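Numbering (this note's numbering), first residue to last: 1370 to 1529. All C-beta atoms in this analysis are idealised placements derived from N, C-alpha and C, irrespective of residue type, glycine included. As the structure is a computational prediction, the values presented were derived from the model and not from experiment. A quick write-up on the structure given underneath.
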Amino acid sequence: MTSAHLPSSEGEVLLSRHPSRFWQWRERELAAWASLSKPKKGKKRLALFGGVHVDAEMLPVLEQFRAIHVQTEFSCAGVSLADEPEEHSLYAYITVMDSEPARRLVAYLMNSMRHRLLVTYEPERGRYDLSSWMIGHNRSFCYLLEQYTKRFRIENDKRS
């Protein structure tokens, strides 16, 4: 499963490339997560973004996306044993609406984040889903997404 552009049963197109061994690694991690004891170590942290409550870990990413005119629709910081192991999606993700700035950003992130990023595109809804590759990387995914988006912004500002 290393090819890009594989259709799924839900009309999504897989854009990122990952070798078969990565998919197997991901499946093993998911199975391990399901059987893991998950004590809650803290409350889910929320912040306001445009009048909507979002996961606090995603706020800097959402602010960066807004600054480069990439419209977001959904986001989640993903589960973590460091704080809240249940009240999140399994994987950290952000959904962005298709646009020229979004296409440039997605291409940049795919090139920069490589194996850390899973990207799908939903043609019927005109949106990209960018998600963490591994459950255990959810919080670092949020941080890396913010940092690479900052770099993208700086590089684009230099070109302007």
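Nearest to P1408 (by Cα), restricted to the options E1515, A1451, R1485, H1506: Of all alpha-carbon atoms in E1515, A1451, R1485, H1506, the one lying nearest the alpha-carbon of P1408 is that of A1451.
Every unbroken beta strand (DSSP E) within the stretch 1460 to 1490, with a cutoff of 3 residues, ordered by chain: Qualifying beta strand (DSSP E) stretches, in chain order: 1462 to 1466.
Hey, out of S1385, G1380, W1402, R1386, whose CA is closest to N1507's CA? It is W1402 whose Cα lies nearest to the Cα of N1507.
Indicate whether A1436 and A1446 have their beta-carbon atoms separated by less than 7 Å. A1446 sits away from A1436, with the two beta carbons spaced by 7 Å or more.
Between Y1497 and A1476, which are expected to be in contact by the criterion C-beta below 8 Å, what is the C-beta distance as a whole number of angstroms? 10 Å between Cβ atoms; not a contact.
Which whole runs of the alpha helix (DSSP H) in the stretch 1381 to 1437 are 4 residues long or more, in chain order? Listed in chain order, the complete alpha helix (DSSP H) runs (minimum 4 residues) inside the stretch 1381 to 1437 are 1389 to 1404, 1428 to 1436.
For R1528, does the three-state DSSP call read helix, strand or coil? Residue state, collapsed to three classes: helix.
Looking only at its chain, what residues have a beta carbon closer than 6 Å to the beta carbon of L1487, apart from the 5 residues adjacent to it on each side? Within the same chain, S1385, S1500, W1502 come within 6 Å of L1487 by CB-CB distance, once the 5 residues on both sides are set aside.
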